[in-house]
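See below for the structure under consideration.
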Amino acid sequence: MESTMTARGFRLLPLSIACCAALSSGPPAACAQTLADEVRSLRLELERLRQEVETLKSERREPARPAAPAAPPAQEAPGVEVIPVLQAQLAEQAQTKVESNSKLPVKLFGNIVSNTFFNTGEANWLDIPNLVGPNPGSSLPRGSFSSTLRQSRLGATIEGPTIGSAKASGFFALDFFGGITNFQTGQTMGIPRLLYAFVRLEGDKTALEVGQDQMILAPKNPTSLAAMAFPDLYRSGNLYLRVPQARLERRVSAGDLGEFQLTGGNLAPIGGDLSATALTFVPPNLAGERSRRPALQARIAWSRKRNDRGWELGFSGHTGSERYATGSRRSWAGAVDFDASAGRFGVGGEWFVGRNIDAFGGSLGQLAKSAGGFAEARLRATSRFELNAGYGLDRLFDQIAFPAPLARNASVFANTIYHFTPEVAASFEYRWLVTRPSTGESRRNNHFNLVLAYTF
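Everything in the sequence shown is counted per the numbering used here, starting at 47 for the first residue and increasing by one.
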């Protein structure tokens, strides 16, 4: 500020000199009057400059005060209203990354599953054994070791429109357990396989589903990361099949007694017999398709849950038909399933009896009569670590009327699962299998499986 005052003084100096020069050439009275006016003007200017200097000095002595926030420009005011909208859009984008052609939200999901396994006996499926084959002979050693990722999955969920009072949705998933290519390194080339593909219309208490899903009969499965393509204890008391179907579900409240769930539907008539060729372009016309009628299944379940305790008890049935050159054969089954949990502990399982249920893994995959089931126990030791173990058995009866090569199959499994994060988990599983043929000695296999899974 002092430099500003000096600069102004130098600007006024030539003006004063010019005034004096002009006054010296004019009359004495006029010169005196003009000089007095200029002096008065200079004094006023100096006084104003002095006040500005004092003001600056006083501001330096006072502590600095925070500056008041500047008001936003008028043209930026609409941005304040836009911010919440953008935040909501970002939150939605964080959940929905993909949009369908119909502008409906689609969510992709999947997991990468690595299985490294070892077998001491002749497993029918090396990575998920369910039967034990005969010894290969003296020329070859028993057992196997390898690693695979063909249980990895990829899928999508689709949020559909609201139709009346029902919400439409879709679900799709596949894995790479459809076989391998006929190539020198075909073990690394898993063929994609359709797992699930269905559409649901779901209301408050009623739901309609059309597509491929797990069958209605005996829906429970043991807990395992090592057996995702086919569940543990398949062909050892655990009936299982994913099949095209149309089902209707109804929930009925029973107040303090819990809830009842009624499910019924018709299913594609899968007979379980094998095609004459290893790979075909179109589905063959086998015993189930030649029956020219769908299979029927139904289930009624009673469940109750309060806080960390709950239980469910279900009864289900199946009826169908298979047609061969010798005539038609009926397929039927009845099953009971249960599940209960209390805090960190849980149990579950099922029991069945049936005839010609080889398509579901019953009767050890043979055209016969059998009865069996499984039971498992669960312990969630911590929020990250859990232990599971179970036993399953499938045993044929009435073998005189329905002879078959295999008579009995039993399995024991135990696994540990550790969740590093919600996305990353590891598991170690042991499985002991014993398959007894109708004639001959029992066959045994010890199966060890180390799993690393990443879910996205």
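For glycine and all other residues, C-beta sits at the position ideal for the given N, C-alpha and C.
For this session: May I ask you to report which of helix, strand or coil DSSP gives R239?
Result: strand
For this session: State the beta-bridge partners of N331 as determined by DSSP.
Result: Partner(s): none; N331 has no beta bridge.
For this session: Between the Cα of F420 and those of G304, N267, L92, G363, spot the shortest distance and give me the residue it belongs to.
Result: Taking each of G304, N267, L92, G363 in turn and checking the Cα distance to F420, the smallest one comes out for N267.
Exercise. Do you know whose CA, among G411, V99, G156, lies nearest T501's CA?
Worked result: With distances taken between Cα atoms, T501 lies closest to G156.
Exercise. Can you tell me where the beta strand (DSSP E) with G436 in it begins and where it stops?
Worked result: Looking at the DSSP string, the run of the beta strand (DSSP E) that includes G436 is 431-443.
Problem set entry | Which of helix, strand or coil DSSP assigns to F398 | strand
Exercise. Apart from the five residues just before and just after L254, which ones in its own chain have a Cβ nearer than 6 Å to its Cβ?
Worked result: L247, L294
Exercise. Which first and last residues belong to the beta strand (DSSP E) in which A381 is found?
Worked result: 373-388
Exercise. Below 7 Å between beta carbons: does that hold for L479 and V178?
Worked result: yes
For this session: Tell me whether L247 sits in a helix, a strand or coil according to DSSP, three-state version.
Result: Reduced to three states, the DSSP call for L247 is strand.
For this session: Put G407 into one of helix, strand or coil per three-state DSSP.
Result: G407: coil per DSSP, three-state reduction.
Exercise. With distances taken between CB atoms, is the gap from N161 to V497 smaller than 7 Å?
Worked result: yes
Problem set entry | Best match in D250, F459, Q343 for proximity to G210 [C-alpha to C-alpha] | Between G210 and the set D250, F459, Q343, the nearest pair of CA atoms involves D250.
For this session: Indicate whether the contact test is met: 3 or more Cβ pairs, each with one atom in the stretch 351-358 and one in the stretch 277-297, closer than 8 Å.
Result: no
Problem set entry | Outcome for A456 when other beta-carbon atoms lying within 10 angstroms are tallied against a minimum of 16 | By the 10 Å Cβ count, A456 comes out buried.
Exercise. For the stretch 355-363 against the stretch 234-247, are there 3 or more C-beta pairs whose distance is under 8 Å?
Worked result: Segments in contact, no.
Problem set entry | DSSP beta-bridge partners of G310 | L294, A344
For this session: Report the option in F391, R336, L92 whose CA atom is closest to the CA atom of A371.
Result: The shortest C-alpha separation from A371 is found at R336.
Exercise. What's the gap between the Cα of Q2 and the Cα of A324?
Worked result: It is not possible to answer for residue 2, since the shown part of the chain is limited to 47 through 502.
Exercise. Do you know how far the Cα of L303 is from the Cα of R196?
Worked result: 44 Å
Problem set entry | Counted within 10 angstroms of its Cβ, other Cβ atoms place Q445 as buried (16 or more) or exposed | exposed
For this session: Have a look at E432, L410, N434, Q97 and flag the residue whose alpha-carbon is nearest the alpha-carbon of G318.
Result: L410
Problem set entry | Delimiting residues of the beta strand (DSSP E) encompassing R489 | 489-501
Exercise. Between D504 and F163, what straight-line distance do the alpha-carbon atoms span, to the nearest angstrom?
Worked result: The question about residue 504 has no answer here: the residues shown for the chain are numbered 47 through 502.
Problem set entry | Which listed residue (N402, D385, E396) has its alpha carbon closest to that of R375 | N402
Problem set entry | Stretch-stretch touch, CB-based, cutoff 8 Å, three pairs: the stretch 458-465 with the stretch 424-442 | yes
Exercise. For A219, which of F191, F244, R454 has the nearest alpha-carbon?
Worked result: F244
For this session: Using only alpha-carbon positions, find the residue among L308, A212, N228 that is nearest to L263.
Result: L308
Exercise. Would you say N495 and T166 are within 7 Å of each other, going by their C-beta atoms?
Worked result: no
For this session: Determine the closest residue to N176 out of F276, F217, A417, with distance taken between C-alpha atoms.
Result: F276
For this session: Check the C-beta distance from R489 over to P265 and give it rounded, since I have them as a contact under 8 Å.
Result: Actually they do not touch by this definition, with Cβ atoms about 30 Å apart.
Exercise. In chain order, what residues of the same chain have a beta carbon less than 6 Å from the beta carbon of K213, not counting five sequence neighbours either side?
Worked result: E248
Exercise. So what does DSSP say about G225, is it helix, strand or coil?
Worked result: coil
Exercise. What does A264 pair with, by DSSP beta-bridge criteria?
Worked result: Answer is none; A264 lacks a bridge partner.
For this session: Taking only the alpha-carbon atoms, compute the straight-line gap between R54 and T101 and give it to the nearest angstrom.
Result: With a pLDDT of 44 at R54, under the threshold of 50, the modelled position of this residue cannot be trusted; read the value that follows with caution. Spanning the two alpha carbons is a distance of roughly 18 Å.
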